[in-house]
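Q:
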Amino acid sequence: MPPDHAAPDDEPVAQPVPGPQRPSRRALAETGPGGRRGAGRRRKGASTQETLAPLLAIVPGLRLMVGMVIAAVVILGLYVGRDVLLPVALAALLGFLLDPAVSRLKRWGLPRVLSVALVMALALGALGAGAIYVGNQVTSLSAELPTYQNTIRQKLRHVKPYFNGPGVWDGAVKVLNTVETEIGQGDARRRVQKVEVQEPEVKPIQKALELLSKVAEPLATTGIVFLFVVLILLDRSGLQDRLLRLMGPNTHMASDALDDAATRIGQYLRMQLFVNLSYGVPMALGLWWIGVPGAILWGILAAVLRFVPYIGPMASAVFPLTLAFAVDPGWSLLLWTLALILVLELISNNVIEPWLYGASTGLSTLSIILAATFWTALWGPVGLILSTPLTVCLLVLGRYIPGMGFLEILLGSQAVFDPPEKLLQRLWRGDVDQAIDVASENIDEALPPKPSQQDQAFAVTHFYDEVAVPALQIAAQQYRSAASPPQRQRLSEAVARLLSGLQRHYPPDALPEAVEGQPPPASVVCVGMQWDIDRHAATMAAHALRLHGVDSSTRAVSIDTVLRQGDLSLYDGVRHLCICSFHPNPLGRLAQMCESLRQRCPQMQITVMLLGAQSRGGVRSDTLNSMRAHGAVQQISDLTRLVLGEGASRLDAT
1 MPPDHAAPDD
11 EPVAQPVPGP
21 QRPSRRALAE
31 TGPGGRRGAG
41 RRRKGASTQE
51 TLAPLLAIVP
61 GLRLMVGMVI
71 AAVVILGLYV
81 GRDVLLPVAL
91 AALLGFLLDP
101 AVSRLKRWGL
111 PRVLSVALVM
121 ALALGALGAG
131 AIYVGNQVTS
141 LSAELPTYQN
151 TIRQKLRHVK
161 PYFNGPGVWD
171 GAVKVLNTVE
181 TEIGQGDARR
191 RVQKVEVQEP
201 EVKPIQKALE
211 LLSKVAEPLA
221 TTGIVFLFVV
231 LILLDRSGLQ
241 DRLLRLMGPN
251 THMASDALDD
261 AATRIGQYLR
271 MQLFVNLSYG
281 VPMALGLWWI
291 GVPGAILWGI
301 LAAVLRFVPY
311 IGPMASAVFP
321 LTLAFAVDPG
331 WSLLLWTLAL
341 ILVLELISNN
351 VIEPWLYGAS
361 TGLSTLSIIL
371 AATFWTALWG
381 PVGLILSTPL
391 TVCLLVLGRY
401 IPGMGFLEIL
411 LGSQAVFDPP
421 EKLLQRLWRG
431 DVDQAIDVAS
441 ENIDEALPPK
451 PSQQDQAFAV
461 THFYDEVAVP
471 ALQIAAQQYR
481 SAASPPQRQR
491 LSEAVARLLS
501 GLQRHYPPDA
511 LPEAVEGQPP
521 PASVVCVGMQ
531 WDIDRHAATM
541 AAHALRLHGV
551 DSSTRAVSID
561 TVLRQGDLSL
571 YDGVRHLCIC
581 SFHPNPLGRL
591 AQMCESLRQR
601 CPQMQITVML
611 LGAQSRGGVR
621 SDTLNSMRAH
631 GAVQQISDLT
641 RLVLGEGASR
651 LDAT
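Quick note: the sequence shown uses UniProt numbering, first residue 1, plus one each step.
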């Protein structure tokens with residue numbers, strides 16, 4: 001393996017002076033009888049560990065299997081117990097929606113029982129009035145529909161020729177029909193005479209009982225939900241205390257979890273109600289202005305159906321479009337209605353919902369869709385309505401219960417990696433395009449709307465300091481322990497392509513020319529100490545310096561390789577040299593390098609950039625003197641300030 005890819009050697013340590021040494025107590029103990037017993041115990045412990053090693057290896061697999069079995073049992077319980085759990089979940093959701101009104105009345109001085117009774121009466125009155133109004137509107141529209149038959153017939157007659165033309169599958173359909181007819185033809189004598197069975201006339205009482213049996217289940221469910229809502233509103237604090245006790249002795253964590261879930265669900269319901277009203281009211285006004293009959297009815301229906309995710313908005317659009325098609329002899333009413341629905345959908349989905357929702361639920365878009373599919377499969381249409389609140393509860397459980405943290409990762413909308421880790425994962429995979437996208441996104445966020453060259457220089461330098469260098473610091477920690485040589489090579493090539501792309505995306509301005517009679521502008525050569533990532537750090541430093549107007553360049557070979565080869569002529573004439581290192585303890589090696597360079601080039605100013613240090617508290621002056629360097633920095637921005645004369649080298653003078 002080439003030297004640039006090799007792992008760093010450890011720092012030299014003092015060797016003990018040879019001579020007679022006194023044996024340690026441990027050695028003396030092991031030579032005696034007790035020592036032999038201790039050695040036997042150690043051998044027995046080693047054999048026990050060897051025996052348990054295969055069992056310990058299967059523990060992660062067993063843990064996964066147990067988790068899958070528990071999840072299957074929970075899902076089965078949710079499906080089997082849906083008749084009981086559905087009313088409870090729906091009542092809890094309505095309790096979240098009505099509890100703020102009860103609390104407000106209670107703060108005004110009303111008893112809680114009277115507050116609950118008043119809120120429930122108002123809610124039931126509003127629902128009853130809405131149902132009566134909707135029923136009257138539906139009745140009047142049903143009476144008017146026969147008058148639109150001629151219009152519908154004429155439009156269908158005009159549209160029919162477009163659907164009766166030759167189709168792609170007409171030949172195949174014709175062949176299938178012919179074969180079916182031939183198979184169906186048989187000997188008339190072998191045909192069985194058809195017998196028509198006439199059922200007795202159903203009595204009115206039986207019809208009433210059948211209708212009652214169909215209505216009984218929804219009515220019973222509605223009554224159970226109403227009863228649960230009343231009980232939840234009456235004893236909210238008692239139920240909360242019981243839930244806290246069930247969640248374990250850590251009441252602080254349980255209280256935070258309940259408060260978080262209540263806040264998220266309550267905010268979601270309020271925002272959903274406001275979004276639905278902001279859609280339904282303009283829908284009713286727009287349909288009334290266009291001239292569609294029953295405009296208020298369709299506005300109410302649009303506001304109510306939008307509580308059903310994904311399916312509700314489409315279902316609410318079918319009714320006014322169908323009525324506009326039936327009422328107007330022409331096509332203008334239908335087109336205006338379609339345009340109104342499209343405009344309202346665009347405004348609601350792209351403006352109102354992102355503005356109001358924000359991070360109210362904390363769920364990602366994909367998790368919302370998956371949750372809607374999951375809960376609909378378990379509990380039907382009501383599960384679709386409850387999908388978002390129930391998934392919010394799962395998200396909160398994942399956030400506050402350590403054993404269920406995977407739920408927050410799967411369902412949450414927050415990024416699972418911070419920017420350095422996100423960039424490093426792309427680089428380990430060799431996905432340079434996504435790595436450039438991550439870098440450009442971070443740089444563009446720091447730029448003003450109309451950036452200057454100075455703004456661009458500060459943004460790129462900030463990205464190098466806060467994202468790229470921390471990513472390479474993580475890679476440096478994995479360089480010796482976890483990364484194989486092919487992985488190191490892939491990482492090095494990906495970083496090189498990333499930096500090349502950033503230099504193309506953010507090129508520096510032309511450097512100023514030297515003026516006669518004035519000192520030449522600063523010129524810096526950046527070089528890596530040993531690793532490939534050291535060389536990449538030098539490339540970043542040189543790019544940042546050029547963006548700040550400093551003439552800078554890099555060397556393709558590390559300084560360690562040059563010293564091993566013994567040829568320092570490459571650095572003849574260099575005035576300012578910056579040695580970049582990700583080594584966790586590079587002081588001994590840097591001291592040797594600086595000594596060799598000083599002997600070759602006495603006038604050279606040497607700055608070391610220590611990127612592998614665990615803290616950014618500065619470098620002590622005695623340490624700097626031991627390295628025989630002029631300055632030491634721990635960030636690329638510090639290097640630019642040092643070269644431009646705007647700051648010191650972060651030395652600790654004490």
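The C-beta atom is built at its ideal place from N, Cα and C for all residues, glycine as well. Note that the structure is a prediction, hence the values are computed from the model and not measured.
Note the first and the last residue of the continuous beta strand (DSSP E) segment covering Val633.
A: Where Val633 is concerned, the enclosing beta strand (DSSP E) stretches over 631 to 633.
Q: Three-state secondary structure (DSSP) at Ser413?
A: Note: Ser413 maps to coil in three-state DSSP.
Q: For Arg426 and Pro313, I'd like the C-alpha separation in whole angstroms.
A: Using only the alpha carbons, I get a separation of about 39 Å.
Q: Taking Cβ to Cβ, would you say residue 662 is nearer than 8 Å to Leu577?
A: In the structure displayed, the chain extends from 1 to 654; residue 662 sits before or after that span and is not available.
Q: So, using beta-carbon positions, are Ile265 and Val392 closer together than 8 Å?
A: Taking 8 Å as the Cβ cut-off, Ile265 and Val392 qualify as a contacting pair.
Q: With a cut-off of 8 Å, do at least 3 Cβ pairs link the region 131 to 147 to the region 249 to 265?
A: They do not touch, by the three-pair rule.
Q: Between the C-alpha atoms of Gly299 and Ile232, what's the straight-line distance to the nearest angstrom?
A: So the alpha carbons of these two residues sit roughly 31 Å apart.
Q: At what residue ranges does the region 323 to 366 contain a whole run of the alpha helix (DSSP H), taking only runs of 4 or more?
A: Qualifying alpha helix (DSSP H) stretches, in chain order: 332 to 347, 353 to 357.
Q: Would DSSP call Cys594 helix, strand or coil?
A: Cys594 falls in the helix class under three-state DSSP.
Q: DSSP three-state call for residue 657: helix, strand or coil?
A: The chain is shown only over 1 to 654; residue 657 falls outside these bounds and no answer can be derived.
Q: What does a CB cutoff of less than 8 Å around Val80 pick up in its chain, not counting 5 residues either side in sequence?
A: Closer than 8 Å at Cβ, skipping near neighbours: no residue.
Q: Roughly how many whole angstroms lie between the Cα atoms of Val515 and Arg575?
A: No answer about Val515 holds up, because its pLDDT of 46 lies below 50 and its placement is not dependable.
Q: How would you call Gln635, buried or exposed, if buried means at least 16 neighbouring beta carbons within 10 angstroms?
A: Buried: at least 16 other Cβ atoms inside 10 Å.
Q: Helix, strand or coil: how does DSSP classify Gln477 here?
A: Three-state result, Gln477: helix.
Q: CB-CB under 7 Å to Glu646, same chain, minus the five flanking residues each way: which ones, in chain order?
A: Confidence is the limiting factor: at Glu646 the pLDDT is only 49, short of 50, which leaves the residue's position unreliable and the question unanswerable from this model.
Q: Using 10 angstroms around the beta-carbon of Thr31, count the other beta-carbons present and answer buried if the total reaches 16, otherwise exposed.
A: Below a pLDDT of 50, predicted positions are generally treated as unreliable, and Thr31, at 48, falls in that range; no measurement from the model is reported.
Q: What did DSSP end up calling Ile152 once you bin it into helix, strand or coil?
A: Reduced to three states, the DSSP call for Ile152 is helix.
Q: Can you check whether the CB of Leu384 is closer than 8 Å to the CB of Val308?
A: Yes, the Cβ-Cβ distance between Val308 and Leu384 is below 8 Å.
Q: Assuming Leu577 is part of the beta strand (DSSP E), what are its boundary residues?
A: That run of the beta strand (DSSP E) goes 576 to 581.
Q: Between the region 236 to 253 and the region 272 to 292, do at least 3 Cβ pairs fall closer than 8 Å?
A: The region 236 to 253, when compared against the region 272 to 292, does not touch it at the 8 Å Cβ threshold.
Q: Alpha carbon to alpha carbon, how far is Gln414 from Tyr400? Give it in angstroms, no decimals.
A: Taking the straight line joining both Cα atoms gives about 15 Å.
Q: Three or more beta-carbon pairs under 8 Å between the region 457 to 466 and the region 552 to 561, yes or no?
A: Flag = no, the region 457 to 466 and the region 552 to 561 do not touch.
Q: Within a Cβ cutoff of 6 Å, which residues of the same chain sit near Ser367, ignoring the five residues on either side of it in sequence?
A: The residues are Leu411.
Q: Measuring only the C-alpha atoms, how far is Met593 from Leu502?
A: Met593 and Leu502: Cα-Cα distance of roughly 31 Å.
Q: Can you give me the Cβ contacts of Ala372 inside the same chain, cut-off strictly under 7 Å, excluding the 5 residues immediately before and after it?
A: Same-chain partners within the cutoff: Pro309, Tyr310, Leu384, Ser387.
Q: Tell me the DSSP secondary structure of Val102 in three-state form.
A: DSSP places Val102 in helix when its eight states are reduced to three.
Q: Could you check whether the region 113 to 120 touches the region 281 to 295, counting it as contact only if at least three pairs of C-beta atoms, one from each stretch, sit closer than 8 Å?
A: Result no; under three Cβ-Cβ pairs closer than 8 Å.
Q: Within the same chain, show all residues whose beta-carbon is closer than 6 Å to that of Pro470, passing over the 5 residues directly before and after it, in chain order.
A: For Pro470, where only same-chain residues beyond five positions count, the Cβ hits under 6 Å are Pro420.
Q: Per DSSP, what kind of secondary structure is Ser142 in: helix, strand or coil?
A: Ser142: helix per DSSP, three-state reduction.
Q: Taking only three categories from DSSP, how would you classify Met604?
A: Note: Met604 maps to coil in three-state DSSP.
Q: Inspect the beta-carbon positions of Ala476 and Gly588 and report whether they are closer than 8 Å.
A: Contact flag unset, no.
Q: How long is the line joining the alpha carbons of Leu86 and Leu93, rounded to whole angstroms?
A: In a straight line, the C-alpha of Leu86 is about 11 Å away from that of Leu93.
Q: Can you tell me whether Leu94 is helix, strand or coil according to DSSP?
A: Helix at Leu94.
Q: So what does DSSP say about Gly528, is it helix, strand or coil?
A: Of the three classes helix, strand and coil, the one that applies to Gly528 here is strand, per DSSP.
Q: Select from Lys106, Leu334, Ile579, Val102 the residue whose C-alpha is nearest the C-alpha of Leu122.
A: It is Val102.
Q: If we ignore side chains and look at the alpha-carbon of each, how far apart do Leu342 and Ser348 end up?
A: Distance between the alpha carbons of Leu342 and Ser348 is about 10 Å.
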